[in-house]
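Numbering (my numbering), first residue to last: 31 to 384.
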């Protein structure tokens, strides 16, 4: 995301959307009652109302709306921001409803009465270039999964299947499976200009794959890790491995895993943790919250139920009491675990009695 202009004293920023990741960030930055301004398409009626036939045409206009609803669709890669029109050309009635379809290359201005620290942090995080492009390859002797790390999680790129003969087999069949994996790695390296490639497998399969690899440029980028299985769960497992910690330390998803693991540790000790909206709200009001963890799914759910104000109040108190707010993606295992605890939880400064 390109940050074109910012004046937080006036509560105003202007941004240009660059990627799908940016839409995920804006989904958690834009909220009810914000003002959003930008160029958009609007259906305009041409002709007098008394006339039997009025022509309807789409016109490019600059509008300012007061936000009432925010929806992010990952399937269509569009962020829909809806609300009532506060400013616009003469042929657009003030107070009427409009939806901005925000996508790649869209430029908008966002105005808030007050920017929370975590919202400013999210904006700055989104505007930073991705310094490291990391590919994860999980494989065994029969299948391989390829995933690209993204700001909000990871994207599964492809899977390939094949068979490598077992070492105990006397009749070995010639297999190109490892060569196919290496070819796929080379293709993704060229396409994404990768900084690191994490290769993980159960048992000895990763070592056998490395024996087949002669590409020195590729070898320099590879980190070897161990996993207990193959598939989505294995990707989540690898993200927590000590072997990959250095490569992922700047990655937001890795930090989210650490926060959720810390929360679960505190819960198991019956110590410095609260979870569920009621308990977390109580801890917040007591000023005890060090880190607030909340999933994007929980935020979206509250928006759909028109109850976003419940969590907005919690976030404002945490921000005011110098606590940290972490929005956790539901795309990975850490987010799913947090959703299982109610979608909202907190690591506490001190233990409180409910």
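Using N, Cα and C, we set each Cβ at its ideal position, and we do this for glycine too.
Quantities reported herein were computed from a predicted structural model and do not represent experimental measurements.
Query, Result
"Just how far apart, CA to CA, sit residue 203 and residue 210?", "Confidence is the limiting factor: at residue 203 the pLDDT is only 45, short of 50, which leaves the residue's position unreliable, though a coordinate-based value still follows. Going by the C-alpha atoms only, they are around 16 Å apart."
"Taking all protein chains shown into account, decide if residue 144 is buried (16 or more other Cβ within 10 angstroms of its Cβ) or exposed.", "exposed"
"Just list the residues that DSSP pairs residue 131 with in beta bridges.", "110"
"Which residues in the same chain as residue 259 place their Cβ atom closer than 7 Å to its Cβ, once the five residues preceding and following it in sequence are excluded?", "232"
"Using DSSP bridges, identify the partner residues of residue 177.", "166 and 186"
"Taking residue 137 as the reference, which of 128, 190 and 69 has the closest Cα?", "69"
"Among 282, 366 and 382, which residue has its Cα nearest to the Cα of residue 151?", "282"
"CA-CA distance, residue 122 and residue 74?", "7 Å"
"Give me, in chain order, the residues of the same chain whose beta-carbon lies closer than 8 Å to that of residue 366; leave out the 5 immediate sequence neighbours on both sides.", "360"
"Counting along the chain, where does the alpha helix (DSSP H) carrying residue 140 start and finish?", "It is not in any alpha helix (DSSP H) - residue 140 instead sits in the beta strand (DSSP E) that spans 137-141."
"Please list the segments of the beta strand (DSSP E) lying wholly inside the segment 213-270, counting only runs of 3 or more residues, in order along the chain.", "226-231 and 252-256"
"Out of 67, 190 and 328, which one is the CA nearest neighbour of residue 114?", "67"
"How about residue 132 and residue 65: do their beta carbons lie closer than 8 Å?", "no"
"Given a threshold of 16 other Cβ atoms within 10 Å of its Cβ, counted over all protein chains shown, does residue 149 qualify as buried or as exposed?", "buried"
"How many angstroms separate the CA atom of residue 188 from the CA atom of residue 383?", "49 Å"
"Report yes or no: do the segment 43-57 and the segment 100-107 share at least 3 C-beta pairs separated by less than 8 Å?", "yes"
"So, residue 220 versus residue 251, is the Cβ gap smaller than 8 Å?", "no"
"What are the start and end residues of the beta strand (DSSP E) that includes residue 35?", "32-37"
"Could you tell me the distance, in whole angstroms, from the CA atom of residue 50 to the CA atom of residue 323?", "23 Å"
"Going by the CB atoms, is the gap between residue 341 and residue 374 shorter than 8 Å?", "yes"
"Three-state secondary structure (DSSP) at residue 333?", "helix"
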